[in-house]
Amino acid sequence: GDSVIQMQGQVTLSENDFLFINCTYSTTGYPTLFWYVQYSGEGPQLLLQVTTANNKGSSRGFEATYDKGTTSFHLQKTSVQEIDSAVYYCAMRVTGGLSGKLTFGEGTQVTVIS
Amino acid sequence: EAGVTQSPRYAVLQEGQAVSFWCDPISGHDTLYWYQQPRDQGPQLLVYFRDEAVIDNSQLPSDRFSAVRPKGTNSTLKIQSAKQGDTATYLCASSPRGEQYFGPGTRLTVL
Chain A
204 GDSVIQMQGQ VTLSENDFLF INCTYSTTGY PTLFWYVQYS GEGPQLLLQV TTANNKGSSR
264 GFEATYDKGT TSFHLQKTSV QEIDSAVYYC AMRVTGGLSG KLTFGEGTQV TVIS
Chain B
4 EAGVTQSPRY AVLQEGQAVS FWCDPISGHD TLYWYQQPRD QGPQLLVYFR DEAVIDNSQL
64 PSDRFSAVRP KGTNSTLKIQ SAKQGDTATY LCASSPRGEQ YFGPGTRLTV L
């Protein structure tokens, strides 16, 4: 079945540090890949969408890239701030079949200290 | 534009009790999802609707969970006889056939 693996459970950084989170995915279909951010007490919010056609996406200083060869996609930010502290999830939607279903990774808790 | 609203925000039950969660999606969104998010895990799809029709309920424990969306707008998720393993946040999301917009969730604790 479809799966998304997100290995980094927790990341602690200082302000202005570089953030990098990696996910790998597995599917026999055509994936669209997403990064969601979840702040405490709230539902997930879409941060970025990356299609396999464009390989990259960017929003709010974050950039996502996709590597079809290794079936992985990454989220990065050059200089994190304390307000970036949240849980970040990678997710995948496979077109065709039961389209619309999102498969999430386990999440990465990012803590940025000043 | 109002976002997805859910109620209640919190629920605490004893094992064996029943509970219902209510979701009001964004107006005009034809697709509605229910996810279960255990503590420190990613959301996992339970069921989703397009209008009033169930599209996928393969992950819904059918012996105790049920979900309806009778008029294709609001939806209710019900747990008939809660177990401690049901402790989680229950998220509702809606979509106009693209991006999913999530509500704040209902945090359920089963003692």
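Here the protein sequences line up with chains A and B, keeping their order.
Sequential numbering of the first sequence, starting at 204, is according to this note's numbering.
Sequential numbering of the second sequence, starting at 4, is according to this note's numbering.
Just so you know, even glycine gets a beta-carbon here, dropped at the ideal spot from N, CA and C.
Assuming residue i contacts residue j (C-beta within less than 8 Å), just tell me the rounded distance between them.
i, j, result
"Gly246/A", "Gly106/B", "5 Å"
"Thr76/B", "Gly303/A", "Contact doesn't hold; Cβ gap of about 18 Å is too wide."
"Val71/B", "Asp59/B", "About 15 Å separates the two Cβ atoms, so there is no contact after all."
"Ala56/B", "Ile29/B", "Their Cβ separation, rounded to whole angstroms, is 19 Å, which puts Ala56/B and Ile29/B out of contact at 8 Å."
Could you name the residues of the same chain whose beta carbon sits closer than 7 Å to that of residue i, not counting the 5 residues immediately before and after it, in chain order?
i, result
"Ala289/A", "Val240, Gln241, Tyr242, Val313"
"Val297/A", "Asp205, Thr230, Gly232, Tyr233, Pro234"
"Lys86/B", "Glu18, Val113"
"Cys226/A", "Val207, Ile208, Gln209, Ser275, Phe276, Cys293, Gly308"
"Ile82/B", "Ala21, Val22, Arg67, Phe68, Asp89"
Residues in the same chain with beta-carbon distance under 8 Å from residue i, minus the five sequence neighbours each way, listed in chain order, please.
i, result
"Gln40/B", "Pro46, Gln47, Ala91, Thr92, Tyr93, Leu94, Gly108"
"Gly310/A", "Gln209, Gly212, Gln241, Val290, Tyr291, Tyr292"
"Leu216/A", "Leu222, Val283, Val313, Thr314, Val315, Ile316"
Going by DSSP, name the residue or residues bridged to residue i.
i, result
"Pro234/A", "Val297/A"
"His277/A", "Asn225/A, Thr268/A"
"Val240/A", "Gln248/A, Tyr291/A"
"Gln86/B", "The residue asked about is misnamed: residue 86/B is Lys in this sequence, not Gln. Answer by DSSP bridge pairing: none, since Lys86/B is not bridged."
"Ile316/A", "Ser217/A"
Leaving aside the five residues before and after residue i along the sequence, list all residues of the same chain whose C-beta is less than 6 Å from its C-beta, in chain order.
i, result
"Trp25/B", "Ser10, Thr79"
"Phe223/A", "Gln279"
"Gly306/A", "According to the sequence provided, residue 306/A is Thr. The question's Gly does not apply to it. The answer, listed in chain order, is Asp205, Val207, Met295."
"Asp27/B", "Thr8, Asn77"
"Gln248/A", "Val240"
"Asp349/A", "The question about residue 349/A has no answer, for chain A in this structure spans 204 to 317."
"Tyr36/B", "Tyr51, Ala96"
Discussion item. Any C-beta of chain B within less than 9 Å: which residues of the stretch 243-255 of chain A qualify?
Written reply: The stretch 243-255 of chain A vs chain B, Cβ under 9 Å: Gly244, Glu245, Gly246, Pro247, Gln248, Leu249, Gln252.
Item to complete: Give, in chain order, every residue of the stretch 205-238 of chain A whose Cβ lies closer than 7 Å to some Cβ of chain B.
Response: With the criterion set as a beta carbon lying under 7 Å from some beta carbon of chain B, the stretch 205-238 of chain A has no members that meet it.
Worksheet entry | the stretch 34-52 of chain B: positions lying closer than 9 Å to chain A by Cβ | For the stretch 34-52 of chain B, which is checked against every Cβ of chain A, the residues closer than 9 Å are Thr34, Tyr36, Tyr38, Gln40, Asp43, Gln44, Gly45, Pro46, Gln47, Leu48, Tyr51.
Worksheet item: Between the stretch 100-114 of chain B and chain A, which residues of the former have CB atoms less than 7 Å from a CB of the latter, in chain order?
Response: Residues of the stretch 100-114 of chain B with a Cβ closer than 7 Å to any Cβ of chain A, in chain order: Glu102, Gln103, Phe105, Gly106, Pro107, Gly108.
Item to complete: Let me know the alpha helix (DSSP H) ranges lying completely inside the stretch 36-77 of chain B, each 4 residues or longer, listed in chain order.
Response: Unbroken alpha helix (DSSP H) stretches of 4 residues or longer found wholly inside the stretch 36-77 of chain B: none.
Practice prompt. Anything in the stretch 16-30 of chain B with a Cβ closer than 9 Å to a Cβ of chain D? List those residues in chain order, please.
Written response: Here the protein chains are A and B, and chain D is not one of them.
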